[in-house]
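A.B. asks:
Now the structure itself:
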């Protein structure tokens, strides 16, 4: 069947974690660029009054895409690992496990950002929202370097070893 050669569901499943982790990493980079702009010395003073309302809107919208992408990565990777039990290629399976660890690792950072997010959104800092945003950006950078980027690299490796 020719359609199986073009859109083989198994091949699409194997590639899906790379696609979703690429989206997740791109999303994280855009978030970093966007939020860091509020910390620029030239606009930091104005940021203090804008941040609570802006971040509330930003976070409410972006949290769903972050969750969708990460849960998509986790579920398609788990499905791929279950499927690969019948025909395990050690190198490919190791890459998928490493990528899965990174995707789950992203969610483990939630407790570290929950406090700053809540304080910004609820405007608890009373004119010092940029301090909490700075904390969020710092954790965000660390998360990107420790789990998001390595997960993406693992899925690149997995796809290259198929």
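In our numbering, the protein residues as written are 0 to 161. Cβ atoms here follow ideal geometry from the backbone N, Cα and C, with glycine treated the same way.
Could you tell me the boundaries of the alpha helix (DSSP H) in which residue 84 lies?
C.D. replies: Numbered from its first residue, the chain shown carries residue 84 at position 85. Looking at the DSSP string, residue 84 is not in any alpha helix (DSSP H), and its letter there is neither H nor E.
A.B. asks: Span of the alpha helix (DSSP H) holding residue 131?
C.D. replies: Residue mapping note: residue 131 aligns to position 132 of the chain shown, counting from 1. Per DSSP, residue 131 belongs to the alpha helix (DSSP H) from 128-142.
A.B. asks: Cβ of residue 50 within 9 Å of Cβ of residue 128?
C.D. replies: In the chain shown, counting from the first residue as 1, residue 50 sits at position 51. In the chain shown, counting from the first residue as 1, residue 128 sits at position 129. Their beta carbons are under 9 Å apart, which means residue 50 touches residue 128 by this criterion.
A.B. asks: When DSSP labels each residue in this structure, what does residue 149 get in the three-state scheme?
C.D. replies: Position 150 of the chain shown, counting from 1, holds the residue named residue 149. In the structure shown, residue 149 sits in a helix (DSSP, three-state: H, G or I).
A.B. asks: I want to know whether the segment 141-156 touches the segment 97-114 - three or more CB-CB distances under 8 Å.
C.D. replies: Yes: at least three Cβ pairs fall under 8 Å.
A.B. asks: Select from 68, 58, 83 the residue whose C-alpha is nearest the C-alpha of residue 120.
C.D. replies: Taking the chain shown and counting its residues from 1, the one referred to as residue 120 is at position 121. Nearest option by C-alpha distance: 58.
A.B. asks: On the criterion of 16 or more Cβ atoms from any shown chain inside 10 Å, does residue 52 qualify as buried, or is it exposed?
C.D. replies: Start at 1 with the first residue of the chain shown, and residue 52 comes out as number 53. With fewer than 16 other Cβ atoms within 10 Å, it is exposed.
A.B. asks: With distance defined between alpha-carbon atoms, name the residue in 117, 5, 111, 61 nearest to residue 139.
C.D. replies: Here residue 139 refers to the residue found at position 140 when the chain shown is read from its first residue. Considering only alpha carbons, the answer is 111.
A.B. asks: Would you identify the three-state DSSP class for residue 41, choosing helix, strand or coil?
C.D. replies: Taking the first residue of the chain shown as position 1, residue 41 is located at position 42. Here residue 41 sits in coil by DSSP.
A.B. asks: Considering Cα atoms alone, identify which of 75, 130, 96, 60 is closest to residue 8.
C.D. replies: Position 9 of the chain shown holds residue 8. Ranking 75, 130, 96, 60 by Cα distance to residue 8 puts 75 first.
A.B. asks: Can you list, in chain order, the residues of its chain with a C-beta nearer than 7 Å to that of residue 78? Leave out the 5 residues immediately preceding and following it.
C.D. replies: Counting from one through the chain shown, the residue named residue 78 turns up at place 79. Once the five neighbours on either side are set aside, the close Cβ partners of residue 78 are 12.
A.B. asks: Let me know the secondary structure DSSP gives residue 124 once reduced to three states.
C.D. replies: Position 125 of the chain shown, counted from the start, is the residue given in the question as residue 124. In this structure, residue 124 counts as coil in the three-state DSSP scheme.
A.B. asks: Is residue 91 closer than 9 Å to residue 83 when the C-beta atoms are compared?
C.D. replies: For this step, residue 83 is matched to residue 84 along the chain shown. For this step, residue 91 is matched to residue 92 along the chain shown. Contact: yes.
A.B. asks: With a cut-off of 8 Å on the beta carbons, I'd call residue 33 and residue 132 a contact; round off their distance for me.
C.D. replies: Taking the first residue of the chain shown as 1, we reach residue 33 at position 34. Taking the first residue of the chain shown as 1, we reach residue 132 at position 133. That belief does not hold up - the Cβ atoms of residue 33 and residue 132 are roughly 11 Å apart, past 8 Å.
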